[in-house]
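Residue numbers (my numbering), protein chains in the order written: chain A, 18 to 299; chain B, 1006 to 1340; chain C, -9 to 292. Here a beta-carbon is modelled for each residue, glycine too, at the ideal position from N, C-alpha and C. Since the model is a prediction, treat every value here as computed from it, not as a measurement.
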């Protein structure tokens, strides 16, 4: 009676902080050209590994310093929001559609459909996901589209398991029966009755999945399997930074911070949504 | 778990393995790029290439290749690595100990940190201590091992350089080991100087792997402990004159651990999966690092061998968890 | 009669955040060595709060606002946590309501019976084992050695309650609180357990506070009785007086609500609304007196 109020406010804070960072990312991605102080691709061997602006030896205008080819780190970070967000949205959508569909089929029909799909999930869970994604991208050839396909192919199980469980629960409830009695077809019941009820769970998972997709893209970039051009991604910037971390730590620090905040933002946003939808869930 | 349930479990494991084998085989065969072309120089004659294809069995039809491969796998023969020109079995089992040592060190760290935090939060439940533990759990859970690894590289490799962040052991050291379980062997041989050097290299990647698992353990065990502390037998123990801490450790802990075990087991397989990228990050010469090299070199037999081995480990961990569950639960042991 | 061992003085307890609602209103109870004191009331009347207050295991949401709980003359609330735990652990034991949940499922009976003996009372392992085994025999368990090695799930409900009774008496406490010890058991077992507790109490000369909602049980084993309504003790007397000439309207109502096999037509009569009305006025009155007393006390301090 007295307790829940401040607790609720704390939950809202993480929801809004997450949303604010994600909004900032979208803003950066859309207006990357206007926001970047330099050309993201321009190399200048006279300006190699410049430190960030507040350190001695910095060059004015290069706020976060430059990398080993003299490229402006700030501009590269801003442009790298594009592949990160594209992967987050497209790969999560694909994983979500595919996984939810299979989950609905398994949960709603049960029987053989359920047995086959569940076995497939078991097999998938026996793979180390990072290794599988690297393998997939190697097979498909390094490109952003391959990264997206790999993430969708691997992470559909997350949606499938949750939606299947939820659909099974919903199937046992009265309103599905009454819909059947009223003469609605199975497809219609699934679309009209079951889907709206599993939607909150899907939305939460989707938000969490976007964070995962950003990380997987970074990992694949890190092992040099994402975008094959010079265009920046946080992962490839991190890979370069890791190599020269003892000489120029800032090359690693700034993209890493971005990635860190982005992952936290998506997960806090997702957790905040979860609490919004279902206050009983922790 | 009754015997029949165990048998069903084992059969489903075999089915899972078969599924994994099919998926791996299909994936790898679909890969564009000719592995043979990559291994010989431009001067090779067509005859040389054909000979090599026959040697690796690549001249047969794909279903036939699969059956032949499966037959070998069942006998423990994973073929010959194309890039290393050694038996895959030998290469893989040469690297496996490094990964196992890293994974179990990480597990130990996670259990210690997670267990400690859970007990702390349960002992002082409803206070700032619990809120602090919740905050740690929230952050450690949502940030994956890859990012923790990079963070540790910056913090303890560069800012305060107290740990090594590359490799498994200092390369200039003379190693007297006969097995590849360096850490265990250094302890057995009482060469604690080497143990320290190994731990100095392993601690950062192990911490990176351990943090998310520690948060899971802390979260689940805390919830479970708080529940158990409200049970009647915990109340009875308090009436006997025992302190809150004693009741927590002697009455509640064991009963709280059992239900957490399954989740922790699943999470441990995630940790093992994480070794792939974390080993890469720290240039640690384990199975995961080898796997990425194998993918980049399109070393088909090696990839197949490694992925299958990972699958064995995953499923083995799950089975071990089931057995632990039975061993810890007197009701199941006798009933 | 000898000096009471347990003396609860005007104990008041309330919810920390519950406003003015009180779970106990100046409840006073005294139990002498060798005496069985019944504590009767409906569920929610605050019976278990009294038991919990004695052992210092009140829920976190609840706080003591006044009064004292004395064991052998020492006020528990003046002690440090550590001293209180020790004093209670040595001198008092609880026989719980539900034997199914009161034993730790992952520990053998042996460990659960001897832990207090070795760690709180300081007996050697051999002494503790001998005493515990002796007690198991005393509560008429047929194969004490086998039961000693068992896990709780291997024993029936009645057996477990016997184990818990033996465990309580094994510490040779001067006070035992039995919190509805037969409620969770089969009807056939209830009688045996009740008889066993009464016998053990007589043999050991322990002070026994017997918490129950069943007046029939009170009639069987208690010498004195307190009737609790809404946290207030409305009547406190010896058993004969209670049954022959119940002074309080609520006690009479409670008796009417108790099944009587000899006069079934009078059984299970509900408490009449005018009784409840009178009770709430009575309670409001004591609350006022108490509030005034507190005001006066505050005035003195100022």
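I want to verify the contact list: residues of chain A whose CB lies under 7 Å from the CB of residue i, in sequence order.
i	result
residue 1300 (chain B)	151, 152 and 155
Using a beta-carbon distance below 8 Å, is residue i in contact with chain C?
i	result
residue 1134 (chain B)	no
residue 1226 (chain B)	no
residue 1365 (chain B)	Any property of residue 1365 (chain B) remains undetermined from this structure, which presents chain B solely from 1006 to 1340.
residue 1260 (chain B)	yes
residue 1290 (chain B)	no
residue 1232 (chain B)	no
Please list the partners that residue i has in chain B, where partner means a Cβ-to-Cβ separation under 8 Å.
i	result
residue 181 (chain A)	Ordered by position in chain B, no residue passes the 8 Å Cβ test against residue 181 (chain A), which lies about 17 Å from the chain.
residue 110 (chain C)	1245, 1246 and 1247
residue 76 (chain C)	1246
residue 232 (chain A)	1149, 1151 and 1152
residue 86 (chain C)	1237, 1240 and 1241
When the cut-off is 8 Å and only beta carbons count, does residue i lie next to chain B?
i	result
residue 236 (chain A)	yes
residue 92 (chain C)	yes
residue 164 (chain A)	no
residue 14 (chain A)	As shown, chain A starts at 18 and ends at 299. That puts residue 14 (chain A) outside it, with no answer to give.
residue 153 (chain C)	no
residue 269 (chain A)	yes
residue 143 (chain A)	yes
residue 147 (chain A)	yes
residue 79 (chain C)	yes
residue 140 (chain A)	yes
residue 115 (chain C)	no
residue 1 (chain C)	no
residue 273 (chain A)	yes
Answer yes or no: do residue i and residue j have a C-beta to C-beta separation smaller than 8 Å?
i	j	result
residue 295 (chain C)	residue 13 (chain C)	Given a span of -9 to 292 for chain C in the structure shown, any question on residue 295 (chain C) remains unanswerable.
residue 150 (chain A)	residue 165 (chain A)	no
residue 236 (chain A)	residue 252 (chain A)	yes
residue 107 (chain C)	residue 122 (chain C)	yes
residue 53 (chain C)	residue 15 (chain C)	no
residue 1107 (chain B)	residue 1289 (chain B)	yes
residue 1186 (chain B)	residue 1102 (chain B)	yes
residue 40 (chain C)	residue -2 (chain C)	yes
residue 255 (chain A)	residue 239 (chain A)	yes
residue 1226 (chain B)	residue 1261 (chain B)	yes
residue 97 (chain A)	residue 213 (chain A)	no
residue 150 (chain C)	residue 196 (chain C)	no
Residues of chain B with a CB under 9 Å from the CB of residue i: which are they?
i	result
residue 265 (chain A)	Residues of chain B passing the Cβ test: none, with the nearest at roughly 10 Å.
residue 83 (chain C)	1244 and 1245
If the cut is a Cβ gap below 7 Å, which residues of chain C does residue i touch?
i	result
residue 1240 (chain B)	47
Applying a beta-carbon distance threshold of less than 9 Å, which residues of chain A neighbour residue i?
i	result
residue 1147 (chain B)	225, 228, 280, 281, 283, 284, 285, 287 and 288
Return no unless some Cβ of chain A is closer than 8 Å to the Cβ of residue i.
i	result
residue 1320 (chain B)	yes
residue 1024 (chain B)	yes
residue 1177 (chain B)	no
residue 1296 (chain B)	yes
residue 1173 (chain B)	no
residue 1028 (chain B)	yes
For residue i, which beta-bridge partners are listed by DSSP?
i	result
residue 200 (chain A)	According to DSSP, which records beta bridges pairwise, residue 200 (chain A) is partnered with nothing at all.
residue 28 (chain C)	C:200 and C:215
residue 2 (chain C)	C:56
residue 83 (chain A)	A:89
residue 166 (chain C)	C:83 and C:198
residue 61 (chain C)	C:-4 and C:64
residue 12 (chain C)	C:4
For chain F, check one thing: does any of its Cβ atoms lie closer than 8 Å to the Cβ of residue i?
i	result
residue 95 (chain C)	The chain inventory of the structure shown lacks chain F, comprising the protein chains A, B and C.
Mind listing the chain B neighbours of residue i? Cutoff is C-beta to C-beta under 7 Å, in chain order.
i	result
residue 106 (chain C)	1245 and 1246
Just to make sure I have the definition right: I need the residues of chain C whose C-beta is within less than 9 Å of the C-beta of residue i. Which are they?
i	result
residue 1131 (chain B)	50
Can you pull out the residues from the segment 240 to 262 of chain A whose beta carbon lies closer than 9 Å to at least one beta carbon of chain B? 240, 241, 242, 255, 258, 259 and 262
Taking beta-carbon pairs under 8 Å, can you tell me which members of the segment 49 to 61 of chain C lie near chain B? 50
Between the segment 1087 to 1120 of chain B and chain C, which residues of the former have a C-beta closer than 7 Å to a C-beta of the latter? none
Please identify, using Cβ separations under 8 Å, the residues of the segment 125 to 137 of chain A that lie next to chain B, in order along the chain. 136 and 137
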